[in-house]
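Below is one structure, written out as structure tokens; comments come after it.
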């Protein structure tokens with residue numbers, strides 16, 4: 015056999031390295047890696063937990079629209095978008111300081127409503143507005159399912175996955191789920207106000223593990239909050255998927271149907 019010259023060997027090695035470093039090769043290598051990681055994750059997952067508000071269900075037509083319309087019925091002149099913006103700012107701030115705990119959930123939401131409308135009315139005016147809003151969001155009338163959520167969860171159940179709802183919410187959520195006719199999709203419904211712990215507290219994740227009988231590595235959680243859902247479940251040793259837009263994490267989806275590729 016004829017010996018290859020050092021120059022020829024060096025040239026072929028350089029060409030090989032250039033191919034390895036090419037954008038096309040790297041793109042396929044990264045794609046293969048993602049597929050491999052997703053497959054490994056799916057092969058161990060037995061339980062999917064899903065967040066409620068902001069993930070599985072959404073206020074309809076919007077919090078601002080319902081709040082503002084109710085306020086106008088009681089004589090307050092307010093704008094839908096302004097109220098919507100104030101609501102989420104107030105809610106985000108209060109969730110850092112308070113929890114929706116058993117027996118105190120109504121007081122939590124009263125504080126949110128009063129603070130949202132604070133520039134527009136006094137407490138005497140706001141009390142009947144709060145009471146009506148409390149009841150309006152206690153049924154399925156002002157909630158809608160996220161697109162493809164029901165069909166996706168039904169398919170995952172057929173594939174053998176266990177599914178549970180895991181929400182930082184109060185007991186009104188049970189009636190909402192019943193009104194939306196999706197109770198049968200869930201093996202269990204875990205509500206923070208009933209348990210006594212909220213995401214991202216590790217205790218609520220441990221509670222689910224004990225109740226459902228699964229190890230952390232066997233559980234995948236889907237939710238829209240980066241701190242409470244994504245980081246909280248990862249800190250508990252679970253797999254996590256962030257839900258919604260914009261895309262800020264590799265492990266993130268914006269439509270329920272994408273779960274079908276991750277949990278074959």
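In the working numbering, the protein residues as written are 15 to 278.
Glycine included, every Cβ here is placed at the ideal spot set by N, Cα and C.
Please list the segments of the alpha helix (DSSP H) lying wholly inside the stretch 153-236, counting only runs of 4 or more residues, in order along the chain. 163-172, 186-193, 206-209 and 216-226
Tell me the rounded alpha-carbon separation between residue 247 and residue 228. Counting from 1 along the chain shown, the entry for residue 247 is found at position 233. Counting from 1 along the chain shown, the entry for residue 228 is found at position 214. As the crow flies, the alpha-carbon of residue 247 is around 14 Å from that of residue 228.
Per DSSP, the bridge partner or partners of residue 63: For the purposes of this step, residue 63 is taken as residue 49 along the chain shown, with counting starting at 1. Its beta-bridge partners are 178 and 235.
If you reduce the DSSP assignment to three classes, tell me which class residue 257 lands in. Here the question's residue 257 lines up with position 243 in the chain shown. Residue 257 falls in the strand class under three-state DSSP.
Neighbourhood of residue 216 by C-beta, 6 Å cutoff - its chain only, sequence neighbours within 5 removed: What you label residue 216 is simply residue 202 of the chain shown in a count that begins at 1. Excluding residues within five positions, the ones whose Cβ falls inside 6 Å are 250.
Indicate the three-state DSSP secondary structure (helix, strand or coil) for residue 132 in the structure shown. The sequence position of residue 132 within the chain shown is 118, counting from 1. Residue 132 falls in the coil class under three-state DSSP.
To the nearest angstrom, how far is the alpha carbon of residue 87 from that of residue 277? Taking the first residue of the chain shown as 1, we reach residue 87 at position 73. Taking the first residue of the chain shown as 1, we reach residue 277 at position 263. Using only the alpha carbons, I get a separation of about 47 Å.
Going by DSSP, name the residue or residues bridged to residue 266. Taking the first residue of the chain shown as position 1, residue 266 is located at position 252. Note: residue 266 sits in a beta bridge opposite 256.
Run through DSSP, which three-state label would residue 143 get? Taking the first residue of the chain shown as 1, we reach residue 143 at position 129. Reduced to three states, the DSSP call for residue 143 is helix.
Three-way DSSP call (helix, strand, coil) for residue 32 in this model: Counted from its first residue, the chain shown places residue 32 at position 18. The predicted position of residue 32 is uncertain, since its pLDDT is 48 and thus under 50; a value taken from the coordinates is nonetheless stated next. Here residue 32 sits in helix by DSSP.
Mind checking who residue 73 pairs with in its DSSP beta bridge? Walking along the chain shown from the start, residue 73 turns up at place 59. Beta-bridge pairing links residue 73 to 157.
Decide if residue 53 is buried, meaning its Cβ has at least 16 other Cβ atoms within 10 Å, or exposed. Numbered from 1 along the chain shown, position 39 holds the residue referred to as residue 53. The pLDDT assigned to residue 53 is 44, lower than 50, so where the model puts this residue is not dependable; a value taken from the coordinates is nonetheless given after this. Result: exposed.
Any contact of the stretch 155-174 with the stretch 90-100, i.e. 3+ C-beta pairs under 8 Å? By the C-beta criterion, the stretch 155-174 is judged not to be in contact with the stretch 90-100, since fewer than 3 inter-stretch pairs fall below 8 Å.
With a cut-off of 8 Å on the beta carbons, I'd call residue 213 and residue 242 a contact; round off their distance for me. Your numbering for residue 213 matches position 199 in the chain shown. Your numbering for residue 242 matches position 228 in the chain shown. Confirmed, Cβ separation roughly 4 Å.
For residue 100, I'd like the list of residues in its chain whose CB is within less than 6 Å of its CB, leaving aside the five on either flank, ordered along the chain. Numbered from 1 along the chain shown, position 86 holds the residue referred to as residue 100. Excluding residues within five positions, the ones whose Cβ falls inside 6 Å are 130.
Under three-state DSSP, which class holds residue 106? Along the chain shown, one-based indexing puts residue 106 at 92. Residue 106 falls in the helix class under three-state DSSP.
Between the stretch 180-194 and the stretch 64-77, do at least 3 Cβ pairs fall closer than 8 Å? yes
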